[in-house]
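Numbering (the working numbering), first residue to last: 29 to 314.
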């Protein structure tokens, strides 16, 4: 009899926790006052080839880039299904160089790390961002604290959906070549809920995603001359969502981008291609 009661208690507890195979609505529902800090790192390499005259130059210039930083977010207000967050880039340290040259290190000053109000709904869709500098907006949108959008309908393991995401470009590498281009690109990602781990205090959702970037043509500058930059690429990665933390507690992604630069000026035209690979990791800071 006692053994039967114990088995019944275990079964009831499991029923309250829910099944790892059942469909569930993925929602962002932190309470007012919730604070989360996420650390991230990025590493990138860039290959630059000159195609002026239709012929590729025999030598390619390779660049390297690393970044280490942290993003903080605080839920200031809950209004229905939306949250007003204060998001701040707590720190950012970058290093960039061309092969064979010394590293150029940059620490983001306080003046470029303002606290920004951001509205997010339960599906992690961003509202309109404040009128701020392009660099700050690009950083806030693409440093991984948001991840990918959640689906409208409940999903179970192997469930799929499509959502918008943003990819930050290693602009610091392009600057080494005197090229000015966008900080980030909008992307569409195909997301899969790979598995669910149900625990008494927390449920972890393991996601994978892949998507395409562009093609899109953006205005740019090359050594001060007006230019057009045609960008296209692909991205793939993994994320872990915690229902207790109400954030992505870990993740990794790799992005490959090809940019075609075309310059027309009084000094003549120039064409070049930039190929880069960016690997990014993020983790919640306890």
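Note that beta-carbon positions come from the ideal geometry of N, C-alpha and C, so glycine has one too.
Remember, it's a predicted structure, so these values are computed and weren't measured experimentally.
- Per DSSP, the beta-bridge partners of residue 189 are 219.
- When DSSP states are grouped into helix, strand and coil, residue 139 belongs to the helix group.
- When C-alpha distances from residue 197 are compared across 55, 56 and 70, the shortest belongs to 70.
- Counting other Cβ atoms within 10 Å of its Cβ, residue 177 reaches 16 or more and is therefore classed as buried.
- With a cutoff of 7 Å on beta-carbon distance, residue 304 and residue 51 are scored as not near each other.
- For the options 230, 146, 241 and 137, the alpha carbon positioned closest to that of residue 193 is the one of 241.
- Residue 115 is positioned such that its CB atom lies no closer than 7 Å to that of residue 148.
- Closest by C-alpha distance to residue 77, out of 289, 216, 53 and 297, is 289.
- Around residue 269, the same chain offers 233 and 276 as residues with beta carbons nearer than 6 Å, after the five sequence neighbours per side are excluded.
- Excluding sequence positions up to five before and after residue 278, its CB lies within less than 6 Å of the CB of 268 and 311, all in the same chain and listed in chain order.
- With respect to the C-alpha of residue 302, the residue from 223, 134, 235 and 89 having the closest C-alpha is 89.
- When secondary structure is reduced to three states using DSSP, residue 245 falls in the strand class.
- Rounded to the nearest angstrom, the gap between the Cα atoms of residue 124 and residue 265 is 24 Å.
- Burial check for residue 134: the Cβ neighbour count within 10 Å stays below 16, so the residue is exposed.
- Within the DSSP bridge table, the entry for residue 144 names 115 as partners.
- Here residue 56 really is in contact with residue 274; their C-beta atoms are around 6 Å apart, less than 8 Å.
- Residue 77: member of the beta strand (DSSP E) spanning 63-78, first to last residue.
- Each of 237, 260 and 306 was checked against the Cα of residue 186, and the nearest Cα belongs to 237.
- In terms of CA proximity to residue 64, 99 leads the group 99, 243 and 214.
- Contact annotation, residue 121 with residue 96: C-beta distance approximately 5 Å; criterion of less than 8 Å satisfied.
- In the DSSP assignment, residue 269 is bridged to 233 and 276.
- Nearest Cα to residue 300 within the set 75, 66, 58 and 226: 75.
- In the DSSP assignment, residue 96 falls within the beta strand (DSSP E) that extends over 89-107.
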